[in-house]
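Novice: What the sequence shown shows, in my numbering, is residues -13 to 100, in sequence order.
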Amino acid sequence: VHHIIWSFVSTFWVGLCVATATDLALPRMRGMASAYFILMASVVGLALGPYTVGKVADIYISYGNSTAEALSLSMQTLSTVFLISLTLLFFAVKNLPSEEKSKFDRARELGEIC
């Protein structure tokens, strides 16, 4: 049961990230900001992710592990990327309130808001 709940809840972050990117962008750049975010998330997550898991699994196979063990170890090893992501998110969250406060000033400086 917890797998079903996790599958449902684990995708909530996507909407929040797109909404934050859209909120911080200038009005004329909102569509581009959300499209760029989704493009990069797709390229990194859906293209580089499986490729990297396979390459790391090949390294584990060269050390004598079976294919199943190598894939398991590869996914476990690459799950440390989440720690890097959480660390970067922690630093970004510190700047988020000041960026949100300055978005109207930035828009006025660039002629977006009269």
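Glycine included, C-beta positions come from ideal geometry on N, C-alpha and C.
Hey, is the segment 47 to 55 in contact with the segment 67 to 74, meaning 3+ C-beta pairs nearer than 8 Å?
Specialist: No contact exists between the segment 47 to 55 and the segment 67 to 74.
Novice: Cα separation between PRO36 and ILE99?
Specialist: In the sequence shown, residue 36 corresponds to position 50, counting from 1. In the sequence shown, residue 99 corresponds to position 113, counting from 1. Rounded to the nearest angstrom, the two C-alpha atoms are 44 Å apart.
Novice: Under 8 Å by Cβ, that's how I've got ARG16 and THR8 pegged, so tell me the actual separation to the nearest angstrom.
Specialist: Looking up residue 16 in the sequence shown gives position 30. Looking up residue 8 in the sequence shown gives position 22. With a beta-carbon spacing of about 5 Å, ARG16 and THR8 fall inside the 8 Å limit used to define contacts.
Novice: My guess is that LEU10 and ALA93 are in contact by the Cβ rule of under 8 Å, so how many angstroms apart are they, rounded?
Specialist: What you label residue 10 is simply residue 24 of the sequence shown in a count that begins at 1. What you label residue 93 is simply residue 107 of the sequence shown in a count that begins at 1. Contact between LEU10 and ALA93 does not hold, since the beta-carbon distance rounds to 11 Å and is not under 8 Å.
Novice: Taking only the alpha-carbon atoms, compute the straight-line gap between GLU95 and MET26 and give it to the nearest angstrom.
Specialist: In the sequence shown, counting from the first residue as 1, residue 95 sits at position 109. In the sequence shown, counting from the first residue as 1, residue 26 sits at position 40. Rounded to the nearest angstrom, the two C-alpha atoms are 28 Å apart.
Novice: Under 8 Å by Cβ, that's how I've got MET18 and VAL39 pegged, so tell me the actual separation to the nearest angstrom.
Specialist: Counting from one through the sequence shown, the residue named residue 18 turns up at place 32. Counting from one through the sequence shown, the residue named residue 39 turns up at place 53. In fact, because the Cβ distance is near 31 Å, the residues do not count as touching under 8 Å.
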